Structures are given as structure tokens and as C-alpha cells.
Amino acid sequence: MRLRGQYWSRAAATAVLCLITGTAMVLHQADSNSENGAGSQSVTDEHAKHVMVKPVPVAVTAAAPLPRTGWTAAADTAASGFAAGNALDNSTSTAWKSSTTVAMPHYITIDTKNKMAISGLTYLPLAGANGRIGQYKVQVSDNGTTWSANVATGTFADDATVKTVTIATVITRYVRLTAVTEAGNRVKWAAAAEINLLGGTDPALPRTGWTVAADSQETVGENAPATNAIDGNTATIWHTQWQDAEPGLPHTFTIDMHAAFQVSGFTYLPRQDGEANGRIGQYKIDVSMDGAAWTPAVTSGTFSDIGTVQSMTFASAMARYVRITALTEAGNRGPWTSAAEINVLGRSDSRLDRTGWTATADSQETTGEDGKAANALDGNTATIWHTEWNLNEPDYPHTYTIDTKASRQIGGLVYLPRQDAESGGNGRIGGYKIQSSTNNTAWTDVATGAFNDDGGEKTVVFPTVTARYVRLVAQAEAGNRGPWASAAEFNLLGPSGAVAVNRGSWSAPVGFPLVPVAAALLPNGKILTWSAEYADDFNGGTGSTLTATYDPATGVVTQRDVVETGHDMFCPGISVLPDGRIMITGGNDAEVTSIYNPATDAWTRGPDMKTPRGYQSSVTLGDGRVFTIGGSWSGGNGNVDVAHKSGEVWSASTGWKSLPGANVVPMLTADTTNGDYRKDNHAWLFAWSGNKVLQAGPSKAMNWYTADGNGTVAAAGTRGDDTDAMNGNAVMYDTGKILTLGGAPNYDDSAATANAYVLTISGSTVTTKKVGSMANTRAFQNSVVLPDGKVLVTGGQNFAVPFSDNTTVYSAELYDPATEKFSTMASATVPRNYHSVSLLMPDGRVFSGGGGLCGGDCTTNHFDGQFFTPPYLLNEDGTAATRPTITTAPTTAANGATINVKTGAAVTGFSIIRMGTATHTVDTDQRRLSLTPTAANGGYNLTVPADKGIAVPGYWMLFALDAKGVPSVAKIIKIG
């Protein structure tokens, strides 16, 4: 493991690895006045005082290595003395090494001996360089014979640190790691000192819109209402009353999630103020769909009397309400209960649509009552299926068979017992077996167990099967009341966490050899990413940058250490020049300019900026110049160490020029941090006509900037009733139409909003319209415009805390300009918060990656990315949609030119999207313009906007769209 650019000893790495739990503290970047934290730089270093870190309590537990007792390992080959089992023996002095005479690839397979929830693996290479795994893939299997598609792929960094691979949690027995290449192409064998598998839980659910109620709360002696436990702020607490009265234990804390979820666990973070009073000891958890009928004690236990986060899991249950009852105080200090943060673990409601389904049963009562089998699929909880009782009483077992009418993926069953209290619960099912079939003849057991004898809804989750039929075999009546079986409703679940295909889908994670904190789409379709001087740590500034380039055509990630420009490019401004070169400015080396040429794969140093900057934004103007402003994170704190960091402009002929008239002060946020350290960061800049720049945020005040002469600034109004929205973002989804999204009033420790506004530019006038809010509050999210004009929002958290994955939002959202509303999309596997990125790709998918970069001791570094497939690329059955094709199109076009484009079949629309760049929630390069087609010459004529401030010169993606809104793969066209 790496800490501040240095390596842990191998023994220490192994020890830390075996202790990875959510009880750790994540690192939080401190403000410029911080006296705490640690780093590789001296605190006398001007830059270092801005990058100190402070610990932040982890409020959700992280995946921990599973105990490997009894496990075995096998490999395709093994050199003498290097058996596969050595990778499981807890010794870094032994290892598995494949045969030295057999060419790559090589694989090692771990047999856990039982099916269990697994969310990833860790890999520790040999002490020496040879044999380190480079490219890899991970597969899983239930039987060791039939293997899944890849659940993860990627490339490990060529170093000695522990590597982590994250996958979507899966219940399985076997895991196979395949070494496709050796990291440095030094040898043709692979090796591993230690491999651990990580346990899996469902993620913490986003808490936007949740409400809570407690039996007691203190609001007189301190501000400790129940709501503090779901506010995302680990410094606030809920505490039961103690000032005027001290009601005794037990105490209850009830969460209303305002929607049904598939809940499976709970996390509890005790108060973090140094006090222990009120820590929960013994507890029990109940769940309910309606807040009235409760499924009692889905789990119970005793929390340890410690100050770090603790969690418990239980069998998945559909619920809207979750109630924790504190039965004792952990240290018997008094009658109180307290909590800093409480989270519920779970997944979206994945109940399948039952339209058209039918049911049969071995027995049903139709004489004494309406108890036919179909009643349990009718959506009415007042009707029931009941086995015969009037003329005959057939004994157990009883069967209930659901025909879904087509083969589909099924991952669970939900059983709601009869809800009529006067029945006394007759027919509640106790012991059961669940089976699946594709033909209603050959049946496979998928789950067995026993339901509790109560009226609460029961959920059974099992490994995903593909089946048309599901049969519940009821083996006993839960209370031994008689030979009957009954049910109010049965539902089937999709795979754990599954959503309908109209919510899109995420790929398996793809590993990178670094945390991709910044990214740029290249004209050849590849994605260039970079971190800093180090792969996992932002603390650098000594003149080099690690990069990793992903090739979608091959899935290969290539690594590079850029030393040519003397530039650590963490936290820079990024702009794509008209000729396709990428300009990267400032950051850790705050005055430096680097330029990357994709055509030659060459890096060159440009002229230094007049004002050193970090966390600034930059934007390419219509005439090819680049404007930048702000950036007090490094290079001096504006209005404290140095003057306010007003604008400057670069041109190819003259280099950088200061613009004292482009005053930064009007765009400062009201952040409470000293000076401009957080106030002038990450401006939302949009180039426009006449070489003007609209600063649309994050301050609620908007401004027009110009770069001519000494520069100017003029007010453009406020963004409606929005607050400052630091670490939100803005996207131009059509000509002069900008969607702004989320953010928080302050950079750190600040509640995010779900606000969304549409800005419309007309001349020099900017009008603001508030539109439907996002489903989730978000800061540090990323947003990408799609070919059809919709905007995809990914990642972010409810409460803004750098380097923390607390309050992560996993589900994406899609904004539709036609309805001005958001729809919830599928959930990602990995948190994407501070230091994450996203980009649109030419194939219409979206890359989302990164997050963290806080050093080797940090639990929130994410060395990977995922690819989102939007709904427009999927048919209703989940198969790939038929796409239009662009058969011929020019590769260049001047502004104002009319071009002719031919397609394989008729299409209804076209759009162009400028190639994007991303870091720290900012992408000033992406913008989408609609082009109106006119039939001509067997194809379509399209006119490129003449105004270079609108169709900014550079490389663009040209998409054709059919009548269903399905886009083609883009053709790349250089405009200008």
C-alpha cells in the first residue's frame, strides 16, 4: 500500500489489508487554516498548507476480507514450490507462481466451499517486480465448471502495492483471477503473494426525502433532534431527552424512506464528539411496508461500546419503514440513546411486473370463499389464495406455481401472508422450498427455509436464475394450526439491485492503474485519464504525472509517466484547443502549462501562466484562445497570500496575458473558508458569441466575462432562487440551453441540494427557470449530455465531504428537457464522489470513473471505471437496440458550412457534441447542438452554425438519431 508517495512494508501492507473495515477514518482535505493532518511536504511549504488532510469518520462499513479457513486454490499451472494454495496462507514470503515455460494467460481459482456474498478481491504481488499481473479479468462460478462473463477487467499498476478489484456483489462459490499479461512484459509468468476475497453487502441507500421519528429527542439542552442522524454530518447527533426529563430505555428510532426498498442491513455510527453517553448496546430491528404491520426482529444483537461505525446484515426484506429499538446503553452509563449517523443498506425495489402472469396451485378454495390462486397475483392485499377447506382439507405439502410467460432473470420471491386479522393467521406458510423451471417439468431447488409466524411481508433472495416458472412448495403451516396454506400476494424479484431496462445498465468495473481524477476524450475514441505524481495520492507537485489511456476497441489500459513537461497535473484547468490538442494548466505545479497532442502522442510544455492556479476552470473561446479564472487551492490563496485571482487569457501567438478587468470577485461564493481558498474554485464557464464567456456558477451570481483588452466582467443576474452550488455542475444540452444541477453552499461539510435550473441565453440576456428537482440531493456528481439532448447525472453524495463515501448516491438520473423531469436510472457498483469523472463516448455510452486519491491509507480510492448504457441503446427485453448508421460524412467542416451526410436508413435528427474533458465536476468542453436535416443527394444536408462562439472549433461527435431516439455510433468531425 502506498502512503504519501511511499510504500508500506509488505508485512504492514498485509496487516492493514486484513484489517480493512469501515471502522477506519477517511482523509478529508483540510482548509487553509488547518493545523492538523500529515503529508509528505513541510507545513512551511506554501502549497502544503492547502493540502493538509484531517480524519473524517466513516459512517458506512467498507468491504472486508473474508476468513479463508478451509478454502482451496487451484491454478492452470504452478512452478515447483509455488503452489496455488500459497496465495491463501497469510504469508507474504510464499506465493503462487505459474509455470515459467507456459505462455500467458494464467489463472488462479479460489474455492470458498460455500456460496457467499462477494464484492471483490485484493491482490498482493511478489516482492520483486517479475510476475506482477498487468491486464486481468475476474469471473465467478457456482459449480467451478460454468463460468460467468467477466465481472471485472482492467490493468493493475506495475508496482508492489496491494490492488483492489471491486465487483457488483454476487452470491457465488468460486472466483477466478486471470492474468492476461505481465505488468511490465518482463516474463511470461504470473504470481501472487496473497489473494483475499472481500465480503459483500448492499450499499447504503440515499436518504433524500427521508423522515424520521424517535420516541425521545433533546432539543433544549442541546440541538440533538432525530433528524441529525440522517443529515450526513458526522459532527451532529441525535440524543434522547436529558435536560428536563430522562425517559428510560428502550428507545426507538423509526425511518420512513417514503418508498419501498429491498433492505438488507443497517449501519450505526455513535456520536463523534469524544463522549460515549448513549451508545447503543443491545438492539433489535423491525421493518414494515405501511408503518402499522411490522415484521419483528429481522435482526437483533449487541453493539460494542466503541466509537466507530458498526453494521449488521439480515435477510433481505421489502420495506418502507425501518425501526431500530435500543434496548440497553452499551456501557450502562444511563437511560440515553444517541447516534451520529444511521444508514439503511439495500437495493431498489426490483419486483417484476406481473402483467399477464398466471398461477396454479395444488389446491384452492372456491366454494366456502374466493380463495383461488390468481388472487395472490392481483395486487389486492385484501384477497387471498387459500387451499381447500370447505369440502376437503388436503394436507401438506402444497404448491403454488407462477408462470411468467417468458424466460427471464429472477433473483428472489416476496410472500405476503393473509392480512385479515380475524383469521388468526390460518394458512401462514412456515417451512418452504422454492424451485425454478424453464419448462414446468424439470425443476431446480433455489432456496429453502422457514417463514416466521407473523403477518409481515417475507423476502427470499437467491442466486439469479433464468426461468419462466417459479414454484413455492409450502412444507408446513407456520403455527401448526391446520393443513392449510394461504397468501395475500406473491411477487418475484429481478436480480439483486436490478431495474427495468428503461433504466439503462452498468458494465462490470474496469480497473485502472491509477485513480482517474481527470479525463479527456481523444479524437481516436480513446480516453486519456490521469491522477497526479502518484497513482493514489494528490500530494505531489514535483514535476511529473501518471496517465492511463483506455482503448474501448480492445479494453486495454496503457500506462505512462509524463515527465517531459515538469508538471504535476492534479487539479488543473483543462481545455481542448481547435486543433485537438489538450491544454492542461496549473494544479499541483500551479503555474505550469502542458499540452498533449493526440495525433503524435507527444507532451510539450507551454508558457507559464501569469498567476499560479489550482482548482481553476478554463474554457476555449471561439477564436481559439483559452480563458481561465480563479484557482486559489494552490499557487497562493487569493485575497490572503496573493491578490484575488482574476482572469487571464492564452493565445498561440502571445502566450498568457493577465486580465485585471476580468475581476474574479463577482463570481466568488459565500463559503466561510478563509480568503478565496474555496470561493473561486471550479467555475462553470461557457464560451459564447463574440468571444464572451458566461460564468453560470457555482456562485448563485452569474456573470459575463470578456478577454479582449484588459478583460471585463458584467453581471448576468442570479440563478433564480438557487444557493451557491459548489461542486454541482452545468451542461449545455442545446444551443443556448444550460441545465444546472445540485451542488452545496460550501465546499466542505455542507448539505447538497437537488436543485435544477434551465438557463436560456438570448443575446446578453440570461433567463432562469426552475425545473423538476433531482430525486437525490447531490454534490461532487458528474453530468453528461447525450445525443438525444437528455442529460445523465452520475454519482455524488448527499452531504459534501471530500475524500468520503458517506452518503453516496449510486443510482444515476436522466433529465428529459421535454418533460423537465428526472428519471432514476440503474445503480453503479462503485461510489463516485470527490475526484470522479464522466465522459460521453462516441458509441453513445458514458464512462464514469475515479474518486479518492487520498493516499495509501485511504479507504475511498477507486482505481476503476464503469460504462453506462443509456436506455436508448436497449430494447424492452434488454437486448441491444438496432442502431442507425452514418455511412458517409466529411471529416472536416468550416463554421457555416453545409455538409452532406448519408445514413443506412431513414433518420429523423442529428446532433453534434464537442469532445469532453472532466475533472472536479467541471467539463467546459462538452456542449450539444441540434442540427436540422434537409433531405438532399440521397442523404441529408446539415448546416454547421457559423458562429464560432456557439460551434466552438475543435473535434465534435456527429450522431444520427432514428424515430425512437436511438443514436448511431458517432462520426468524428473537425469543425472550424
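Letter by letter, the sequence shown follows residues -26 to -1, 1 to 950 of mature numbering (1 follows the signal peptide of the UniProt record, and there is no 0). The beta-carbon is built from N, C-alpha and C at its ideal position, and this holds for glycine as well. Given the structure is predicted, the values throughout are model-derived calculations rather than measurements.
Could you tell me which residues DSSP puts in a beta bridge with residue i?
i, result
"Met292", "Gln236"
"Asn317", "Thr241"
"Trp577", "Tyr570"
"Ala934", "Phe884"
"Thr129", "Gln109"
"Arg297", "Thr228, Asp260"
"Phe660", "Leu668"
"Thr798", "Glu787"
"residue 960", "Residue 960 falls outside the range modelled here, since the chain spans only -26 to 950, and no answer is possible."
"Thr503", "Ala493, Ala522"
Terminal residues of the continuous beta strand (DSSP E) containing residue i?
i, result
"Phe841", "838 to 843"
"Lys584", "No beta strand (DSSP E) contains Lys584, which DSSP labels as neither H nor E."
"Trp678", "675 to 680"
"Trp630", "629 to 632"
"Ile376", "372 to 390"
"Ser904", "902 to 905"
"Gly444", "The identity of residue 444 in the sequence shown is Val, whereas the question assumes Gly. Per DSSP, Val444 belongs to the beta strand (DSSP E) from 432 to 448."
May I ask you to report which of helix, strand or coil DSSP gives residue i?
i, result
"Trp639", "The sequence given here has Val at residue 639, not Trp. Of the three classes helix, strand and coil, the one that applies to Val639 here is helix, per DSSP."
"Leu326", "coil"
"Tyr808", "coil"
"Thr201", "helix"
"Gly717", "coil"
"residue 1033", "An answer regarding residue 1033 cannot be provided, because it is not within the stretch -26 to 950 covered by the chain."
"Leu488", "coil"
"Ser479", "strand"
"residue 962", "The displayed coordinates of the chain run from -26 to 950. Any statement about residue 962 would go beyond what the structure contains."
"Asn306", "coil"
"Tyr846", "helix"
"Glu192", "strand"
"Ala350", "helix"
"Arg819", "coil"
"Leu98", "strand"
"Glu339", "strand"
Express the C-alpha separation of residue j and residue i in angstroms, rounding to a whole number.
i, j, result
"residue 961", "Ala58", "Residue 961 lies beyond the range of the chain shown here (-26 to 950); nothing can be said about it."
"Ala509", "Val489", "6 Å"
"Val484", "Thr66", "27 Å"
"residue 1008", "Asp247", "The question about residue 1008 has no answer, for the chain in this structure spans -26 to 950."
"Thr418", "Thr120", "16 Å"
"Ala348", "Trp359", "7 Å"
"Val186", "Phe227", "7 Å"
"Val896", "Glu565", "20 Å"
"Ala573", "Leu935", "29 Å"
"Cys(-9)", "Leu466", "Bear in mind that a pLDDT of 33 at Cys(-9), under 50, signals an unreliable position, so the number given afterwards is only what the model happens to contain. The alpha-carbon atoms of Cys(-9) and Leu466 are separated by roughly 38 Å."
"Thr734", "Leu633", "27 Å"
"Asp323", "Thr523", "37 Å"
"Val536", "Lys619", "28 Å"
"Thr378", "Met799", "24 Å"
"Ser278", "Ala304", "7 Å"
"Ile107", "Arg253", "45 Å"
"Asn413", "Val237", "32 Å"
"Gly950", "Pro552", "7 Å"
"Trp624", "Ala704", "24 Å"
"Gln113", "Ala482", "11 Å"
Can you confirm whether residue i, when its beta carbon is compared against all beta carbons of chain C, has any partner nearer than 8 Å?
i, result
"Gly554", "Checking the listed chains, one finds no chain C in this structure; it contains a single protein chain."
Verify the contact flag: residue i, CB atom, against every heavy atom of the ligand GDP, threshold strictly below 7 Å.
i, result
"Thr282", "Inclusion of the ligand GDP in the displayed structure is not the case, the ligand content being empty and no account of it being possible."
Inter-stretch contact at 8 Å, needing at least 3 Cβ pairs: the stretch 309 to 322 / the stretch 237 to 249:
Enough Cβ pairs lie closer than 8 Å, so yes.
Any contact between the stretch 516 to 523 and the stretch 873 to 892? By contact I mean 3 or more CB pairs, one from each, below 8 Å.
No: fewer than three Cβ pairs fall under 8 Å.
Do the stretch 151 to 164 and the stretch 181 to 192 touch if we need at least three Cβ pairs shorter than 8 Å?
Here the stretch 151 to 164 makes no contact with the stretch 181 to 192; the two share fewer than three CB pairs at distances below 8 Å.
Just checking, does the stretch 332 to 346 make contact with the stretch 286 to 297 on the three C-beta pairs under 8 Å criterion?
Flag = no, the stretch 332 to 346 and the stretch 286 to 297 do not touch.
Any contact of the stretch 814 to 821 with the stretch 836 to 847, i.e. 3+ C-beta pairs under 8 Å?
With the cut-off at 8 Å, the stretch 814 to 821 and the stretch 836 to 847 touch.
Looking at C-beta atoms only, is the number of pairs between the stretch 781 to 794 and the stretch 925 to 935 that lie closer than 8 Å three or more?
Contact fails between the stretch 781 to 794 and the stretch 925 to 935, because fewer than three Cβ pairs, one in each stretch, are under 8 Å apart.
Okay, do the stretch 855 to 865 and the stretch 768 to 786 touch, 3+ Cβ pairs below 8 Å being the bar?
Output reads no: the stretch 768 to 786 does not touch the stretch 855 to 865.
Contact the stretch 887 to 907 vs the stretch 585 to 595: 3+ CB pairs below 8 Å
Segment contact: the stretch 887 to 907 against the stretch 585 to 595, three or more CB-CB distances shorter than 8 Å; contact assigned.
At least three beta-carbon pairs within less than 8 Å, the stretch 199 to 211 to the stretch 133 to 147:
Using a C-beta cut-off of 8 Å, the stretch 199 to 211 makes no contact with the stretch 133 to 147, since fewer than three inter-stretch Cβ pairs fall below that distance.
Any contact between the stretch 434 to 454 and the stretch 372 to 392? By contact I mean 3 or more CB pairs, one from each, below 8 Å.
Cβ pair count under 8 Å is three or more, so yes.
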